[in-house]
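Data first, discussion second: the structure below is written as structure tokens.
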Amino acid sequence: MIMNKYFISAFFCVSFLGSVLGQTTLSPGDLAIVYMNTDGDDDFGFVPFVDIASTTVIHFTERGYDAATSNLVTGTDGTITWTATTAVTAGTFVKISSPKSSPSATSGTAVGSDTWSLSGAGESIIVYQGTLGSPTTYIYLITTRGIFTAAGVSYAPLTLPLSTSGPGASTTINTNLPPGLTDGVDVLDFTAHTDNVQFKCVLTGVSLSDFMDEGNYNTDHTTTYSGAGTATDCVVATAPEINIKQSTSDIASGGAHAFGSVQIGDSKDLVFTVENTGDANLDIVSITPFGAGFSISSAISANPVSASGSATFTVRFTPSATSQTSGNVTIASNDPDEASYVINFTATVADAILSLKVFLEGPLSGSTMNTSLNAGLPTNPGTVYNSVLNESSSGIPATAVDWVEIELRTGTAAATKVGTNRAGILKSDGTVVDKDGNDFTMSQVDGSSYYIVVHHRNHLAVMSANAIAPTSGTYVIDFTDAQAKSFNNGSDGVILVGSVFAMIAGDADGDGDVDASDLTTWRGQNGAAFSYNSTNGDFNLDGVINAVDRNDFQQKNNTKTSQVPST
Numbered sequence: 103m104i105m106n107k108y109f110i111s112a113f114f115c116v117s118f119l120g121s122v123l124g125q126t127t128l129s130p131g132d133l134a135i136v137y138m139n140t141d142g143d144d145d146f147g148f149v150p151f152v153d154i155a156s157t158t159v160i161h162f163t164e165r166g167y168d169a170a171t172s173n174l175v176t177g178t179d180g181t182i183t184w185t186a187t188t189a190v191t192a193g194t195f196v197k198i199s200s201p202k203s204s205p206s207a208t209s210g211t212a213v214g215s216d217t218w219s220l221s222g223a224g225e226s227i228i229v230y231q232g233t234l235g236s237p238t239t240y241i242y243l244i245t246t247r248g249i250f251t252a253a254g255v256s257y258a259p260l261t262l263p264l265s266t267s268g269p270g271a272s273t274t275i276n277t278n279l280p281p282g283l284t285d286g287v288d289v290l291d292f293t294a295h296t297d298n299v300q301f302k303c304v305l306t307g308v309s310l311s312d313f314m315d316e317g318n319y320n321t322d323h324t325t326t327y328s329g330a331g332t333a334t335d336c337v338v339a340t341a342p343e344i345n346i347k348q349s350t351s352d353i354a355s356g357g358a359h360a361f362g363s364v365q366i367g368d369s370k371d372l373v374f375t376v377e378n379t380g381d382a383n384l385d386i387v388s389i390t391p392f393g394a395g396f397s398i399s400s401a402i403s404a405n406p407v408s409a410s411g412s413a414t415f416t417v418r419f420t421p422s423a424t425s426q427t428s429g430n431v432t433i434a435s436n437d438p439d440e441a442s443y444v445i446n447f448t449a450t451v452a453d454a455i456l457s458l459k460v461f462l463e464g465p466l467s468g469s470t471m472n473t474s475l476n477a478g479l480p481t482n483p484g485t486v487y488n489s490v491l492n493e494s495s496s497g498i499p500a501t502a503v504d505w506v507e508i509e510l511r512t513g514t515a516a517a518t519k520v521g522t523n524r525a526g527i528l529k530s531d532g533t534v535v536d537k538d539g540n541d542f543t544m545s546q547v548d549g550s551s552y553y554i555v556v557h558h559r560n561h562l563a564v565m566s567a568n569a570i571a572p573t574s575g576t577y578v579i580d581f582t583d584a585q586a587k588s589f590n591n592g593s594d595g596v597i598l599v600g601s602v603f604a605m606i607a608g609d610a611d612g613d614g615d616v617d618a619s620d621l622t623t624w625r626g627q628n629g630a631a632f633s634y635n636s637t638n639g640d641f642n643l644d645g646v647i648n649a650v651d652r653n654d655f656q657q658k659n660n661t662k663t664s665q666v667p668s669t
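Heads up: the sequence shown runs through residues 103 to 669, numbered per this note's numbering.
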């Protein structure tokens, strides 16, 4: 987010150190041609944007660059070698006079090689460092050739086809684009041919980009210029400059920002601020998210973003799997040096929570259930619920009543079951928790809406009447406070016990019906020692199988059927 400007009035510490240690090694854009005449004595002048140390050597050549040979065109075109004899500060105007006959400079020395002769048909001057005729670094290019036509084809100087016979870098007045230079950045490419050009503005306080604006030049086919102009009404080059913040923190392009932890079924929004620290309108071309779960929930609030202004957009993360932990967003704009601004995202995704409440008719008394079986509950419910994941627990919560099995469906039919059923601990207050006593979660949840089914080993299964959508990453269903919350297929899915509703007891064989086969099962277990794994005739879960289980539950509920569809 650094302004891409070189202010002539500034002094640069790095360049100053170069002055102390030896000649200055220049980079592309470290100087510009202030004026050049292709008429008269072919004078020209330049201004550096960095301090130049004594003994620094810079070459100015009218030879074009030939991309086919990756070097300057050979021939008799001239080169002026300028050497600093004293330190030259940034912003100093240096004029090269009489390069055709007896080169001299207002500062330093100028020596010519071959014949310096700028063509009135338009010419190029390439600035470089290295040895004579063998550049190591190209620094600047100005060309006054403009668009021209040869053999019926229109050409621009920097886009010419290479040819030994037609227009191209092999001729004396054309050039290809030297490596390291960029047209419009450190290359001034006049769109129309002109003999003589002069930067007409005062030199103090202008930037390199000002030299790229043709509107800041005087041009003439007959009048020669003696140096830079003094006009104060020049066009000041402007550019937008993008900066992105989240809250008060800057995020560099390519940098990362953490969304934190988000539950499946939940969404998290982060508002990002686009700042324009430049001096021209910032046009936002597009804001594109990438990565599963990431989207733009609020578009840019203002476009374009005015100079020194700001606007906001919002990224939303709605994960559907724990593997979705990364993504990014790309902001495309007209920023000249950060046209594609990328912010990388990281996140931690947690399984969705199922907040379930259900009562079992057998152990229910008032609004709580007994915990008589607590001490004998197995730590691995897979011994009873063979289809569930292995939910072994190191301990059982003190308020645990029994294990239940939870199933998810995308529809009412059995075929719409999602993934593998999971076991949970049913507590005395009717809530279902995970094996460690914490919130109950299911890994197969992806944020969709689900019908929630609760199974128990000797009570009829119950299913939610409707598909449940998550709220802030949590699926909530309470089967105890309204009969209408349980699915029914022609009969009641739950039974009223006092003022609450509960799953129907009496299904000893777990086939979904309370009938004579359950009575037979009870008879075979009546009076026997209770065993969690093999005696399901204990409908009230008190650890004893007796007449209470038969009379109060199996007999009373005989002919009742689970309303959860089995097909």
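In this text, a Cβ means the ideal position worked out from N, Cα and C, and glycines have one as well.
Whole-angstrom distance between residue j and residue i, CA atom to CA atom
| i | j | result |
| --- | --- | --- |
| Thr332 | Ser203 | 28 Å |
| Gln125 | Val451 | 57 Å |
| Ala434 | Pro483 | 54 Å |
| Gly703 | Ala618 | What is shown of the chain runs 103 to 669, which leaves residue 703 out entirely. |
| Thr246 | Trp184 | 22 Å |
| Ile241 | Gly142 | 26 Å |
| Gly180 | Phe162 | 9 Å |
| Asn298 | Thr178 | 22 Å |
| Gly286 | Asp216 | 30 Å |
| Ser121 | Val431 | Low local confidence applies: a pLDDT of 39 at Ser121 is under 50, so the model's placement there is unreliable, with the coordinate-based value given in what follows. So the two alpha carbons sit approximately 44 Å from each other. |
| His295 | Asn383 | 31 Å |
| Thr325 | Ser199 | 16 Å |
| Ser226 | Leu220 | 8 Å |
| Asn653 | Asn492 | 35 Å |
| His323 | Gly214 | 25 Å |
| Asp145 | Ala401 | 55 Å |
| Leu262 | Pro237 | Bear in mind that the predicted position of Leu262 carries a pLDDT of just 47, short of 50, making it unreliable; the figure below should be weighed with that in mind. About 21 Å. |
| Ser494 | Ser664 | 28 Å |
| Glu440 | Gly357 | 13 Å |
| Ser111 | Ala192 | Caution is warranted here: a pLDDT of 35 is assigned to Ser111, below 50, making its placement in the model unreliable, and the coordinate value is therefore given only provisionally. About 7 Å. |
| Asn635 | Asn628 | 15 Å |
| Ala610 | Leu562 | 10 Å |
| Asp315 | Gly232 | 29 Å |
| Thr334 | Phe301 | 11 Å |
| Lys662 | Leu621 | 13 Å |
7 Å Cβ shell around residue i - same chain, five flanking residues per side excluded
| i | result |
| --- | --- |
| Gln348 | His359, Leu372 and Phe374 |
| Val650 | Asn642 |
| Ser551 | Ala569, Ile570 and Ala571 |
| Pro281 | Tyr240 |
| Arg511 | Thr518, Lys519, Val520, Tyr552, Tyr553 and Val555 |
Closer than 7 Å: residue i CB and nearest the ligand PLP heavy atom
| i | result |
| --- | --- |
| Ala571 | Looking at this structure, you won't find the ligand PLP or any other ligand, since it has none at all. |
Whole-angstrom C-beta distance between residue j and residue i, which should lie under 8 Å
| i | j | result |
| --- | --- | --- |
| Gly344 | Asp437 | Going by the sequence as given, residue 344 is Ile instead of Gly. Their Cβ separation, rounded to whole angstroms, is 4 Å, which keeps Ile344 and Asp437 in contact under 8 Å. |
| His557 | Val506 | 7 Å |
| Ser530 | Thr501 | 5 Å |
| Leu462 | Ala567 | About 19 Å separates the two Cβ atoms, so there is no contact after all. |
| Met471 | Val520 | That pair is no contact at about 28 Å. |
| Ala454 | Gly367 | 4 Å |
| Gly376 | Ala413 | For clarity, residue 376 is Val in the given sequence; the question names Gly instead. Contact flag correct, Cβ pair sits at about 5 Å. |
| Gly429 | Gly395 | 7 Å |
| Gly526 | Asp536 | 6 Å |
Residue i: first and last residue of the uninterrupted beta strand (DSSP E) it sits in
| i | result |
| --- | --- |
| Arg418 | Ser412 to Phe419 |
| Gln656 | Looking at the DSSP string, Gln656 is not in any beta strand (DSSP E), and its letter there is neither H nor E. |
| Thr623 | From DSSP, Thr623 is part of no beta strand (DSSP E) but of the alpha helix (DSSP H) over Ala618 to Gln627. |
| Thr576 | Thr576 to Asp580 |
| Phe365 | Position check: residue 365 holds Gln in this sequence, whereas Phe was assumed. Unbroken beta strand (DSSP E) run through Gln365: Ala358 to Gln365. |
| Gln125 | Run containing Gln125: none; DSSP gives neither H nor E here. |
| Gln300 | Asn298 to Phe301 |
| Asp291 | Val289 to Asp291 |
| Ala525 | Arg524 to Lys529 |
| Phe162 | Val159 to Thr163 |
| Lys347 | Ile344 to Gln348 |
| Val564 | His561 to Met565 |
| Asn139 | Leu133 to Asn139 |
Same chain, Cβ closer than 6 Å to residue i, five either side skipped, listed in chain order
| i | result |
| --- | --- |
| Thr582 | Lys459, Phe461, Gly532, Val602 and Phe603 |
| Met565 | Tyr553, Val555, Phe589 and Val666 |
| Thr390 | Thr432 |
| Gly210 | Trp184, Thr185, Ala186 and Thr187 |
| Asn660 | Val616 |
Sequence-distant residues of its chain with Cβ nearer than 8 Å to residue i (five each side left out)
| i | result |
| --- | --- |
| Asp613 | Ser619 |
| Tyr487 | Trp505, Glu507, Asn523, Ala525, His557 and Arg559 |
| Ser388 | Thr432, Ile433 and Ala434 |
task: Let me know the beta strand (DSSP E) ranges lying completely inside the segment 371–456, each 3 residues or longer, listed in chain order.
output: Correct list: 386–392, 396–400, 412–419, 428–435 and 442–452.
- request: Counting only runs of 3+ residues fully inside the segment 179–257, write out the beta strand (DSSP E) ranges in chain order.
  value: Those beta strand (DSSP E) runs which fall completely within the segment 179–257 and span 3+ residues are 181–185, 196–199, 211–215, 226–233, 236–245, 250–252 and 255–257.
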